[in-house]
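Report on one structure; see the data block that follows.
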Amino acid sequence: MEMSNRSFITIVSLSMNHQLPHVSPNYSIIFDFERNFNKDRSTQWMIEHWHYACYYVVLYLLVIFGGQAYMKNRPGFEVRKLLAAWNIFLAAFSIFGISRTLPEMMHVLRKFGFTYSACISSFLEDVNVTAFWSWMFTLSKVPELCDTLFIVLRKQPLIFLHWYHHITVLLFTWYAYPKQISTGRWYMVMNYFVHSLMYTYFAMRALHIKTPRIFAFIITSLQILQMVLGFYITYFGYATSQRGELCQQVDNIAIYGLLMYASYFVLFARFFYYAYISPSSKKKKLA
């Protein structure tokens, strides 16, 4: 249940002064690397180096399109075992990430309500576990670029949605991280959750484990739902701050986020249609 505005203001005041009890759920285990994580140091590093993401994007585009040109008249590489290992690693990382961040999200929703979850960055300021995994989430967007390398080496179709999604997520997360935006709680949890399923599915496919078509359908549906929720959460935070109410949001980042999620929705919905609904997709299913 959403709390009254007066109660919310009181809780926010306590939270901003780090006096709010039980902001963190009771984790049964807290690892040393989580407990000793230095949020201020990571934030300062990203303030000074976020522009590195632009260099990674340029290098990424050169490698994937240069790689496609190189592979044009060559047979694709057999990298199935390496691909399986890569997807298992990313699946394990995402599963670990969601297991560490979802408890904080559920705890906040139960005790303080939706508005707090979307508008207060206590997951970064007061909970070292989620602060650490937020940092890991941000950094992980660089190695995830390697997903595309496997597509190029295997000479599989490289669609616009794939590389556009990779570069925009990288640029957005690295630019937004130093601002400590409150909606990052939702972005992070949703991404860890969807990726835990997606990379598990990819690993199974790489290992030639038979998977029902419904698995891919569900994952794509969840990705579309993620874009809808991401857009709504971003708009909610932006609208709240525009009304003059407290919400740890930055206007230009919110606008970038709205544009990003809207474009993702269009691209994923289009992919969904051609993959599962169009007449050509039905013919493939019957073949």
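The working numbering numbers the first residue of the sequence shown as 68 and each following residue consecutively. The C-beta atom is built at its ideal place from N, Cα and C for all residues, glycine as well.
Legend entry - Closest residue to Leu220 among Lys277, Tyr231, Arg167 and Ala136 (Cα-Cα distance): Your numbering for residue 220 matches position 153 in the sequence shown. Cα-wise, what sits closest to Leu220 is Ala136.
Legend entry - Alpha carbon of Gly324 to alpha carbon of Val256, nearest angstrom: Residue numbering aside, residue 324 sits at position 257 when the sequence shown is read from its first letter. Residue numbering aside, residue 256 sits at position 189 when the sequence shown is read from its first letter. Distance between the alpha carbons of Gly324 and Val256: 16 Å.
Inset, instruction - Would you identify the three-state DSSP class for Thr278, choosing helix, strand or coil? - result: Position 211 of the sequence shown, counted from the start, is the residue given in the question as residue 278. Thr278: coil per DSSP, three-state reduction.
Inset, instruction - Take the Cβ of Tyr244 as the centre, count every other Cβ of all protein chains shown within 10 Å, and call the residue buried at 16 or more, exposed below. - result: Taking the sequence shown and counting its residues from 1, the one referred to as residue 244 is at position 177. Buried: at least 16 other Cβ atoms inside 10 Å.
Legend entry - Cα-Cα separation, Leu206 to Thr307: Along the sequence shown, read from residue 1 onward, the residue named residue 206 stands at position 139. Along the sequence shown, read from residue 1 onward, the residue named residue 307 stands at position 240. Between Leu206 and Thr307, the C-alpha separation is close to 29 Å.
Inset, instruction - Measure the C-alpha to C-alpha separation of Leu274 and Leu237 and round it to an integer number of angstroms. - result: Residue 274 sits at position 207 when you count from the first residue of the sequence shown. Residue 237 sits at position 170 when you count from the first residue of the sequence shown. Distance between Leu274 and Leu237, taken at the CA atoms: about 28 Å.
Legend entry - Beta carbon proximity, Leu216 to chain B, threshold 8 Å: Looking for chain B here will not work: only one protein chain is present.
Legend entry - With 16 other Cβ atoms within 10 Å as the buried cut-off, status of Arg252: Position 185 of the sequence shown, counted from the start, is the residue given in the question as residue 252. Arg252 should be labelled buried.
Legend entry - Residues near Tyr268 in its chain [Cβ-Cβ closer than 8 Å; skip 5 each side]: The count along the sequence shown starts at 1 and reaches residue 268 at position 201. Excluding residues within five positions, the ones whose Cβ falls inside 8 Å are Thr278, Phe282, Ala283 and Ile286.
Inset, instruction - For the region 110-129 and the region 225-237, state whether three or more C-beta atom pairs, one from each stretch, are separated by less than 8 Å. - result: yes
Legend entry - Contact set for Ile155: own chain, Cβ-Cβ below 6 Å, skip 5 residues either direction: Numbered from 1 along the sequence shown, position 88 holds the residue referred to as residue 155. Correct list, in chain order: Ala270.
Legend entry - contact_flag[the region 220-233, the region 92-104] where n(CB pairs < 8 Å) is 3 or more: no
Inset, instruction - With DSSP as the reference, label Lys246 as helix, strand or coil. - result: Indexing the sequence shown from 1 puts residue 246 at position 179. Of the three classes helix, strand and coil, the one that applies to Lys246 here is helix, per DSSP.
Inset, instruction - Could you tell me the distance, in whole angstroms, from the CA atom of Val295 to the CA atom of Met327? - result: Stepping through the sequence shown from its first residue, residue 295 is reached at position 228. Stepping through the sequence shown from its first residue, residue 327 is reached at position 260. Rounded to the nearest angstrom, the two C-alpha atoms are 11 Å apart.
Inset, instruction - Below 6 Å CB to CB, which residues in the same chain sit around Ile165 once its five sequence neighbours on both sides are set aside? - result: The residue labelled residue 165 in the question sits at position 98 within the sequence shown. Counting only Cβ-Cβ distances below 6 Å, and skipping sequence neighbours, we find Tyr259, Phe260 and Ser263.
Inset, instruction - Mind reading off the beta-carbon distance from Phe332 to Ile291? Whole number of angstroms is fine, and I expect it under 8 Å. - result: Position 265 of the sequence shown, counted from the first residue, corresponds to residue 332. Position 224 of the sequence shown, counted from the first residue, corresponds to residue 291. Phe332 to Ile291, Cβ: 7 Å. Contact.
Legend entry - Residues near Pro88 by beta carbon distance below 6 Å, same chain, minus five either side: Here residue 88 refers to the residue found at position 21 when the sequence shown is read from its first residue. With a pLDDT of only 48 at Pro88, under the threshold of 50, the placement of this residue in the model should not be trusted; the figure read from the coordinates follows. Around Pro88: no qualifying Cβ.
Inset, instruction - May I ask which residues mark the beginning and end of the alpha helix (DSSP H) holding Asp318? - result: As a first step, residue 318 is located in the sequence shown; it is residue number 251 there, counting from the start. Start and end: Asp318 to Phe339.
Legend entry - Closest Cα partner of Gln247 within the set Leu169, Thr197 and Phe181: Taking the sequence shown and counting its residues from 1, one reaches residue 247 at position 180. The shortest C-alpha separation from Gln247 is found at Thr197.
Legend entry - Inter-residue spacing [alpha-carbon to alpha-carbon] between Gln316 and Tyr341: Residue mapping note: residue 316 aligns to position 249 of the sequence shown, counting from 1. Residue mapping note: residue 341 aligns to position 274 of the sequence shown, counting from 1. If I take the Cα positions, the gap works out to 36 Å.
Legend entry - Candidates Gln309, Val194 and Lys148: closest to Leu169 by CA position: As a first step, residue 169 is located in the sequence shown; it is residue number 102 there, counting from the start. Nearest option by C-alpha distance: Val194.
Inset, instruction - Apply the 10 Å Cβ neighbour rule to Gly297 and answer buried if 16 or more other Cβ atoms are within range, or exposed otherwise. - result: Start at 1 with the first residue of the sequence shown, and residue 297 comes out as number 230. Under this definition Gly297 is a buried residue.
Legend entry - Endpoints, alpha helix (DSSP H) assigned at Cys121: Taking the sequence shown and counting its residues from 1, the one referred to as residue 121 is at position 54. Here the alpha helix (DSSP H) through Cys121 covers Tyr119 to Met138.
Legend entry - Close-in-space but distant-in-sequence residues of the same chain around Pro92 (CB under 7 Å, 5 per side omitted): Position 25 of the sequence shown, counted from the first residue, corresponds to residue 92. By the criterion of a C-beta distance shorter than 7 Å, Pro92 is surrounded in its chain by Pro170, Glu171 and His174, once the five residues flanking it on both sides are discounted.
Inset, instruction - Let me know if Phe335 comes out buried or exposed under the rule of 16 or more other beta-carbons within 10 Å of its beta-carbon. - result: Here residue 335 refers to the residue found at position 268 when the sequence shown is read from its first residue. Flag for Phe335 reads buried.
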